[in-house]
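Asker: This structure is in structure tokens; I'll ask about it shortly.
Residue numbers (full-length UniProt numbering): 1 to 148.
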């Protein structure tokens with residue numbers, strides 16, 4: 001996917017937020033620490049460094065949402081980082097119930113909240129929920145932490 005395609009897809013998926021510009025994607029993709037996971041209907045972009053990986057953004061074309069693409073991309077990211085990262089992080093808008101439920105189902109836990117983090121067009125900003133997940137060696141993204 002080109003930076004222009006990523007930007008267009010991001011814009012379609014996040015209509016109420018400021019979409020990322022093609023130049024922003026281009027800049028991120030030049031970093032040795034950033035990895036793109038993509039299918040024609042969506043993508044995930046993550047940065048992995050010093051034993052930690054952060055999901056920077058995940059976007060799925062609205063016409064293809066709720067079909068498991070976000071789950072597949074997230075699991076691909078988790079499996080790819082297992083050899084090099086101990087911890088995965090991400091932020092999700094507090095009002096994005098579907099994404100929040102997805103990440104919780106994959107073993108992420110809430111660790112913090114960032115007030116008014118996501119600026120919105122014609123609406124009040126949304127809080128970000130910061131999520132964390134431990135990664136185990138050989139993790140396929142399916143390993144669920146034991147409840148204790």
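Where is the CB? At the ideal position from N, CA and C, for every residue including glycine.
Counting Cβ pairs, one atom from each stretch, are 3 or more of them under 8 Å apart for the segment 66-79 and the segment 6-19?
Answerer: The segment 66-79, when compared against the segment 6-19, does not touch it at the 8 Å Cβ threshold.
Asker: Taking 8 Å as the cut-off, does the segment 45-57 touch the segment 84-96 (at least 3 CB pairs, one atom from each stretch)?
Answerer: Cβ pair count under 8 Å is three or more, so yes.
Asker: Among 136, 106, 97 and 105, which one has its Cα closest to the Cα of residue 128?
Answerer: Counted from its first residue, the chain shown places residue 128 at position 128. Minimum Cα distance to residue 128 is reached at 97.
Asker: Quick check for students: name the residue ranges of the beta strand (DSSP E) that lie wholly in the UniProt domain "N-acetyltransferase" (1-136), counting only runs of 3 or more.
Answerer: Complete beta strand (DSSP E) runs here, min 3: 34-39, 42-49, 52-60, 87-93, 109-120 and 123-134.
Asker: Residue 78: which of 37, 115, 111 and 116 sits nearest, CA to CA?
Answerer: For the purposes of this step, residue 78 is taken as the residue at position 78 of the chain shown. When each option's Cα is compared against that of residue 78, the closest is 37.
Asker: Comparing alpha-carbon positions, which option in 11, 126, 135 and 8 lies nearest residue 81?
Answerer: What you label residue 81 is simply residue 81 of the chain shown in a count that begins at 1. Nearest C-alpha to residue 81: 135.
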